[in-house]
Amino acid sequence: MRGAVHSHLEESIRPYIDLIDTLRSAGIHKDLALPTIIVIGDQSSGKSSVLEALSGVPLPRGSGIVTRCPLELRLKKVEGGVSWKAVLSYNDKKFEFVDSSSLETRVHEAQDELAGRGVAICDDLITLEVMSPGVCDLTLIDLPGIARVPVNGQPQDIGSQIKHIIMKYIKKQETINMVVCPCNTDIATTEALKMAQEVDPDGKRTIAILTKPDLIDKGTEKRILRIVNNEVIPLHKGYIMVKCRGQQQIDDKIPLEDSADMDYLLQEEKATIKNLAVKLSQHLVDHIKKSLPQLNEQIKKKLWDLRNELKECEAGPPQDPRGAKKFLIQTLTEFNKQIQYLSLGELIIKENLFGQLREQFRKWNDQLNSSKTSCNDKIAKKIQFSQEYRGRELLGFSNYRMFEGDLQDHVATLKAPAIKLLNSIKDIILEQFTDVVNQCFQNYSVLQNITLNKIDNIQSSQQAKAEQRISEQFEMENMIYTQDTIYLKFLNEITDEKISEDELPVFDIKSKYSKMQEAYYEIVVQRMSNQLPMMISFFMLKETAQLLSTDMLSLLDGTNVSELLFEDSDVGTRRRDLQSRLDRLTAAHEALSDFI
């Protein structure tokens, strides 16, 4: 095969094949069909033998399904002292070889890993790149052989599975279908050729390889000649006959190079592996050249559509670490700004936060006002039965301890409602903070969860502080204290009298206890009505917002930015997919610019 292909065409062939190999490696085949040669044939048709002869590499052979995954065979002629080298790659794994002794075993292992041990198949691609001075510049994809009847534990639908994979490749107009048929069978009944005819009825994209010429029955030579001369089932790319190593030659360990010398039968470039290599390379390069203008237009249209689709997606984080860090800073800054706006009443997401808080504080005030009646009733009852509540004082003397104790007991009943108010306010603020988190980090679940945990921790700490302050407030209320002028003001309003400070001692009689207690309890109500809402708002909203903003900035220190900005939402997934496609199509467009 040496020198057969690489004459005056040598410099023009390799760049085009390299271009398609590069586009396939970049994943362009996921977006657009690429010009390629697909090798198909019935089981035991001799596919592996043909590829083995072309590549100089012993590939898996045997009965039943040998090729269980699509095998991309990239052949590269190299000069400059390189004797032989191969690279096997699949699923981001790569294995290099400097001799072919273990290659067949490794291909078997790759198929077992992708399709499972046994006889199952899959459509995951295995790529084998062979670099040698003794190969032609050529790339082909070998597909599983067509099975007619399931055997040896094969699934009952193995035939339809294989045909599905084959049809996915050969129906594309960019594909050259290389059909391998044994000479000792009727090609009209060959399943592989039937499938090729189904998708290429005019035979413009099909070339047939006739194998096993040594098995031709005597008396059928003329029929074979008519087939080779394109007189039976016409194909635009015609037929080529080859003879490869038979099983006996493999058993006798006859080298591939020696078996190639046994090629025989026809002249006029219609036989032998050498002629096959020349024709396949020429067909592939011609097909690539013909396809490039259309491929370029398809890529440009795809790029236009992708850019428009990306505009519809919300802006996501940059892929580079520095850009991602800057994006995170901007995202956290915007979140902190929204939290501050919320705490100041300048942000309304669903419901007005301060409107909800005022409603809860109004209910608290109503509850305090309603407690006046029960307090007044209680003291009136005690005055009515004053002898039961007399202490050591003589008859007619007042008892301040009774007055003080009654107020202390009644005020203490307000503590449970006060704690309930705190819990209600906490729930409202938590819901509002959660809405801000969901709005600012809607595509970043990791950042969402971290922030919500921070809010829970901060609010739990702040709630404990607020509960402590409420307890202290009620302890202070046990002191029964207010400024004299304030007390006198309320007492005058309740009694509708003008009592001076000097007249108060005369006023200290039990018949006036209810008015005195009512006046003081009004002061307590007003004090509690204002003090608790301010206290709860301070700890649960204002200070919580400040603490959260500070704590969020700590995420910038030694944190895995890509993990924080990982998007698992539909928008993020779609954007990542679109951006990935855009990147590879942009690279493809740049690569094509040198050829168009």
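Residues in the sequence shown are numbered consecutively from 1, following UniProt numbering. Yeah, the Cβ is synthetic: ideal placement off N, Cα and C, and Gly gets one too.
What is the DSSP secondary structure of residue 17, reduced to helix, strand or coil?
If DSSP states are grouped into helix, strand and coil, residue 17 belongs with the helices.
CB residue 578 to CB residue 306, shorter than 7 Å? A Cβ-Cβ contact shorter than 7 Å links residue 578 with residue 306.
In whole angstroms, what separates the C-alpha of residue 36 from that of residue 13? Those two C-alpha atoms are separated by around 14 Å.
Measure from the alpha carbon of residue 145 to the alpha carbon of each residue in 550, 49, 441 and 92, then state which is nearest. Among 550, 49, 441 and 92, the Cα nearest to that of residue 145 is on 49.
Exercise. Can you round the beta-carbon distance between residue 167 and residue 131 to whole angstroms, since I take them to be within the 8 Å contact cut?
Worked result: About 32 Å separates the two Cβ atoms, so there is no contact after all.
* Output yes or no for whether 7 Å exceeds the beta carbon distance between residue 466 and residue 536. => Taking the C-beta atoms as reference points, residue 536 is found nearer than 7 Å to residue 466.
How big is the Cα-Cα spacing for residue 455 and residue 563?
Rounded to the nearest angstrom, the two C-alpha atoms are 20 Å apart.
Practice prompt. Could you tell me whether the region 318 to 333 touches the region 421 to 433, using the rule of 3 or more Cβ pairs below 8 Å?
Written response: By the C-beta criterion, the region 318 to 333 is judged not to be in contact with the region 421 to 433, since fewer than 3 inter-stretch pairs fall below 8 Å.
Just to confirm the assignment, what range does the alpha helix (DSSP H) spanning residue 77 have? Not the alpha helix (DSSP H): residue 77 falls in the beta strand (DSSP E), residues 71 to 77.
Go ahead and label residue 164 buried or exposed: buried means 16 or more other beta carbons lie within 10 angstroms of its beta carbon, across all protein chains shown. By the Cβ-count criterion, residue 164 is exposed, with fewer than 16 other Cβ atoms from all chains shown falling within 10 Å of its own Cβ.
Distance between residue 319 and residue 597 (C-alpha atoms, nearest Å)
Since the first residue of the chain shown is 1 and the last is 596, residue 597 is not available in this structure.
* Asked: What runs of the beta strand (DSSP E), each 3 residues or longer, lie entirely inside the region 159 to 205?
  -> If you keep only unbroken beta strand (DSSP E) runs of at least 3 residues inside the region 159 to 205, you get 175 to 182.
- Item | Segment limits, alpha helix (DSSP H) that includes residue 241 | For residue 241, no alpha helix (DSSP H) run applies; the uninterrupted beta strand (DSSP E) run containing it begins and ends at 239 to 241, by DSSP.
ask   = So, helix, strand or coil for residue 130, using DSSP?
value = It is a strand residue.
Is residue 124 helix, strand or coil by DSSP? Coil.
ask   = Do three or more CB pairs link the region 406 to 418 to the region 462 to 479 at distances below 8 Å?
value = In short, these stretches touch, since the Cβ pair count reaches three.
- Message: Can you look up residue 41 in the DSSP assignment and give me helix, strand or coil?
- Response: Note: residue 41 maps to strand in three-state DSSP.
Buried versus exposed call for residue 201 [16 or more other C-beta atoms within 10 Å across all chains shown]: Residue burial annotation: residue 201 is exposed, with fewer than 16 other C-beta atoms found within 10 angstroms of its C-beta.
Option in 110, 103 and 199 with minimal Cα separation from residue 93: With distances taken between Cα atoms, residue 93 lies closest to 110.
What separation, rounded to the nearest whole angstrom, lies between the Cα atoms of residue 29 and residue 593?
Rounded to the nearest whole angstrom, the C-alpha separation of residue 29 and residue 593 is 18 Å.
* Asked: Over what stretch of residues does the alpha helix (DSSP H) that includes residue 554 continue unbroken?
  -> Careful: residue 554 lies outside any alpha helix (DSSP H) and carries neither H nor E.
Discussion item. Which runs of the alpha helix (DSSP H) at least 4 residues long sit entirely within the region 419 to 472? Give them in chain order.
Written reply: Complete alpha helix (DSSP H) runs here, min 4: none at all.
Review point. If you draw a straight line from the C-alpha of residue 59 to the C-alpha of residue 66, how long is it?
Key: Going from the Cα of residue 59 to the Cα of residue 66 covers about 9 Å.
- residue 577 by DSSP, collapsed to three states: which one? Helix at residue 577.
Note to self: Would the region 174 to 191 count as touching the region 203 to 215 if we require 3 or more Cβ pairs under 8 Å?
What the structure shows: Result yes; three or more Cβ-Cβ pairs closer than 8 Å.
> Distance, Cα to Cα, residue 157 vs residue 148?
Replying inline: Going by the C-alpha atoms only, they are around 10 Å apart.
**Prompt:** Which residues share a DSSP beta bridge with residue 90?
**Reply:** Beta-bridge pairing links residue 90 to 93.
Legend entry - C-beta contact flag for residue 225 and residue 135 at 7 Å: Not closer than 7 Å, so no.
| task | Compute the distance between the beta-carbons of residue 126 and residue 69, then report whether it is under 7 Å. | result | Yes, these two residues count as a Cβ contact at 7 Å.
**Prompt:** Which of helix, strand or coil does DSSP assign to residue 157?
**Reply:** Note: residue 157 maps to coil in three-state DSSP.
- residue 235 by DSSP, collapsed to three states: which one? Here residue 235 sits in coil by DSSP.
Fill in: Contact check, residue 360 vs residue 445, beta carbons under 7 Å
Residue 360 places its beta carbon 7 Å or farther from that of residue 445.
* Asked: In whole angstroms, what is the alpha-carbon distance linking residue 71 and residue 172?
  -> If I take the Cα positions, the gap works out to 18 Å.
message: Cutting at 6 Å between CB atoms, please list the residues of its own chain near residue 341, excluding the five before and the five after it.
response: For residue 341, where only same-chain residues beyond five positions count, the Cβ hits under 6 Å are 347.
Subject >> Inter-residue spacing [alpha-carbon to alpha-carbon] between residue 55 and residue 587 >> reply: Residue 55 and residue 587: Cα-Cα distance of roughly 30 Å.
**Request:** Report buried or exposed for residue 42, applying the criterion of at least 16 other Cβ atoms within 10 angstroms of its Cβ.
**Result:** Flag for residue 42 reads buried.
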